[in-house]
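Undergrad: First the structure, then my questions, so here it is.
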Amino acid sequence: ADEEQYSPSFDPEIDGNLTPPDPDYQPVPETTEGMNDELAGPPAKLAKEGKLERIDIVHRRLGHPPNETLVRMLQLGGASEEMIELARHFDCPVCRLGSQPRRPFAAKADSRAVSFGLSVHLDLKFQQDYKGEVYVCLSMVDEATTYHAARLLRNRSPEHVARKFINGWVGLYGVPQRVTLDQGGEFEAAFTGMLESHAIYSKVAGSHSPWQNGYAERHGALLGTAWAAIIAEHQSCGRVEMKTALACAIQGKNSVVSRAGHSAQLLAFGRQACFPDLLEEDVWSSASLGHALSIDSEVARMAEMRSAAKESEGPLPLAN
Numbered sequence: 001a002d003e004e005q006y007s008p009s010f011d012p013e014i015d016g017n018l019t020p021p022d023p024d025y026q027p028v029p030e031t032t033e034g035m036n037d038e039l040a041g042p043p044a045k046l047a048k049e050g051k052l053e054r055i056d057i058v059h060r061r062l063g064h065p066p067n068e069t070l071v072r073m074l075q076l077g078g079a080s081e082e083m084i085e086l087a088r089h090f091d092c093p094v095c096r097l098g099s100q101p102r103r104p105f106a107a108k109a110d111s112r113a114v115s116f117g118l119s120v121h122l123d124l125k126f127q128q129d130y131k132g133e134v135y136v137c138l139s140m141v142d143e144a145t146t147y148h149a150a151r152l153l154r155n156r157s158p159e160h161v162a163r164k165f166i167n168g169w170v171g172l173y174g175v176p177q178r179v180t181l182d183q184g185g186e187f188e189a190a191f192t193g194m195l196e197s198h199a200i201y202s203k204v205a206g207s208h209s210p211w212q213n214g215y216a217e218r219h220g221a222l223l224g225t226a227w228a229a230i231i232a233e234h235q236s237c238g239r240v241e242m243k244t245a246l247a248c249a250i251q252g253k254n255s256v257v258s259r260a261g262h263s264a265q266l267l268a269f270g271r272q273a274c275f276p277d278l279l280e281e282d283v284w285s286s287a288s289l290g291h292a293l294s295i296d297s298e299v300a301r302m303a304e305m306r307s308a309a310k311e312s313e314g315p316l317p318l319a320n
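Put into C-alpha cells, the structure is as follows:
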C-alpha cells in the first residue's frame with residue numbers, strides 16, 4: 001500500500017540542495033473559477049484599482065467630462081454607489097493640466113507695457129458672411145493702448161499668417177518686443193522662425209487655457225460683435241466685402257471712447273478720429289486749418305514747457 005501511494009519524485013542530482021518534499025503534502029486542485037469571477041465579475045466584486053481603471057476608461061471615452069457629468073452618466077447607467085463615489089472624487093491627470101486654477105496663485109504679476117508697440121497679443125477670429133461662409137482673420141491687439149489691427153486670411157498656414165503679421169503690424173508700427181499667442185498650428189514652424197529672425201520674444205498660452213491669452217480673446221469678441229453687425233446691416237458676402245467690413249469694424253472699435261475718456265487711436269497716435277459728417281462746413285474748415293498748424297504749434301508748445309520747467313527750477317548747483 002505504501003508503494004502504491006503517490007509521492008513527488010526527488011532526484012538529488014537534478015534538484016541539488018533543495019529540501020525533499022514532505023510526503024504528507026496534499027496538492028490543492030487548481031481552479032480558475034475564482035480568478036475569472038474576480039477579473040470579469042460585476043463592479044461590486046472588483047478591487048479598488050480595477051474600479052478606478054474602469055472609471056478612467058469611461059472618463060476617456062466620454063471625452064474627459066467634468067466629474068459632475070461623469071457621476072450623472074454613471075447614475076443614469078445604474079452604477080453602484082461605490083463606483084459613483086469613486087467617480088465623484090476621480091482625478092484625471094490630463095484634465096488637471098488644462099484645468100482653470102481654483103484660486104489665484106501667490107505670484108508677482110507681469111509688468112504691463114506702457115508704450116505703444118512693445119507688446120502685441122495675437123489670435124485668430126472666425127466670422128460668417130451673410131450667406132454663412134466662414135472667414136478667418138488674424139487679430140492683433142496692442143497691450144498698452146488696446147489699439148486693434150486685423151488682416152483677413154486666405155488660409156491658416158504658418159507661412160501665410162507670418163506674412164500677414166509682417167504686413168499688418170511690423171511693417172506699419174515696428175517690431176514689438178514680445179507677442180502673446182496660443183498653441184495653434186498657425187503659430188508654429190515658419191511663424192516661429194519669423195519671430196526668431198526679428199528677435200521677438202513669444203509667450204505661449206497653455207493648451208485648452210484661453211484665459212491665459214484673455215486680452216486677445218476679450219478684444220477679439222468686441223471686434224466680432226462690430227464685424228457681425230456690419231455684415232448683417234450691409235448683407236456682406238464674399239471675400240472683398242468681408243475685408244471691407246473688417247476694416248470698418250477695426251476703425252470703429254479703435255475710435256470708441258472708453259470709460260477712461262480716451263480711445264485706442266488717441267492713445268496710440270495722440271489724436272482722436274475726426275468725423276466730417278458730424279461737423280458743419282465752417283467748423284470743419286477751421287478744424288482742418290488747426291490740424292495743418294498742429295505740428296508746428298505742438299513743437300512750440302513743448303519747447304515753451306521745457307523752458308518754463310528750467311526757469312522754475314533755477315540754476316543748477318555746481319558740483320564741489
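UniProt numbering numbers the first residue of the sequence shown as 1 and each following residue consecutively. Glycine included, C-beta positions come from ideal geometry on N, C-alpha and C.
(1) Considering only C-alpha positions, which residue in the set E143, R239, K51 is nearest to G132?
(2) Quick one: what does DSSP say K131 is sitting in, helix, strand or coil?
(3) Closer than 8 Å by C-beta to D129: which residues in its own chain qualify, once you throw out the five before and the five after it? Chain order, please.
(4) I'd like the span of the alpha helix (DSSP H) that includes L223, first residue to last.
(5) For R259, which three-state DSSP category applies?
(6) Grouping DSSP H, G and I as helix and E and B as strand, with all else coil, what is A303?
(7) Roughly how many angstroms separate the alpha carbons of A113 and P66, rounded to a whole number?
(8) Just how far apart, CA to CA, sit K48 and E143?
(9) Using DSSP with H/G/I as helix, E/B as strand and the rest coil, what is F90?
(10) Give the list of continuous beta strand (DSSP E) stretches no shorter than 3 residues that lie fully inside the region 123-177.
(11) Can you list, in chain order, the residues of its chain with a C-beta nearer than 7 Å to that of L289? Leave out the 5 residues immediately preceding and following it.
(12) Between L222 and K253, is the Cβ-Cβ spacing less than 8 Å?
(13) Determine the burial state of H121: buried for a count of at least 16 other Cβ atoms within 10 Å of its Cβ, exposed for fewer.
(14) Can you give the Cα-Cα distance for V58 and D91, rounded to whole angstroms?
(15) So who's on the other strand from H121, going by DSSP bridges?
(16) Going by CA-CA distance only, name the one from A150, F191, S263, H262 that's closest to L246.
TA: Concretely, from the data shown:
(1) Among E143, R239, K51, the Cα nearest to that of G132 is on R239.
(2) Residue state for K131 is assigned as coil, using DSSP reduced to three classes.
(3) For D129, where only same-chain residues beyond five positions count, the Cβ hits under 8 Å are Y135, I231, S236, C237, G238, E241, M242.
(4) It spans 214-234 - the alpha helix (DSSP H) in which L223 sits, taken as one unbroken run.
(5) In the structure shown, R259 sits in coil (DSSP, three-state: anything other than H, G, I, E or B).
(6) When secondary structure is reduced to three states using DSSP, A303 falls in the helix class.
(7) Rounded to whole angstroms, A113 to P66 spans 37 Å at the Cα level.
(8) In a straight line, the C-alpha of K48 is about 51 Å away from that of E143.
(9) Correct three-state label for F90: coil.
(10) Correct list: 134-142, 148-153.
(11) With a pLDDT of 47 at L289, under the threshold of 50, the predicted position of this residue should be treated as unreliable, though the coordinate-derived value follows. Nothing meets the Cβ criterion.
(12) Contact flag set, yes.
(13) Counting of Cβ neighbours within 10 angstroms places H121 among the buried residues, the total reaching 16 or more.
(14) Answer to the nearest angstrom: the Cα atoms are 13 Å apart.
(15) According to the DSSP secondary-structure assignment, H121 is paired through a beta bridge with V141, T180.
(16) Residue A150 is the option with its Cα nearest to L246.
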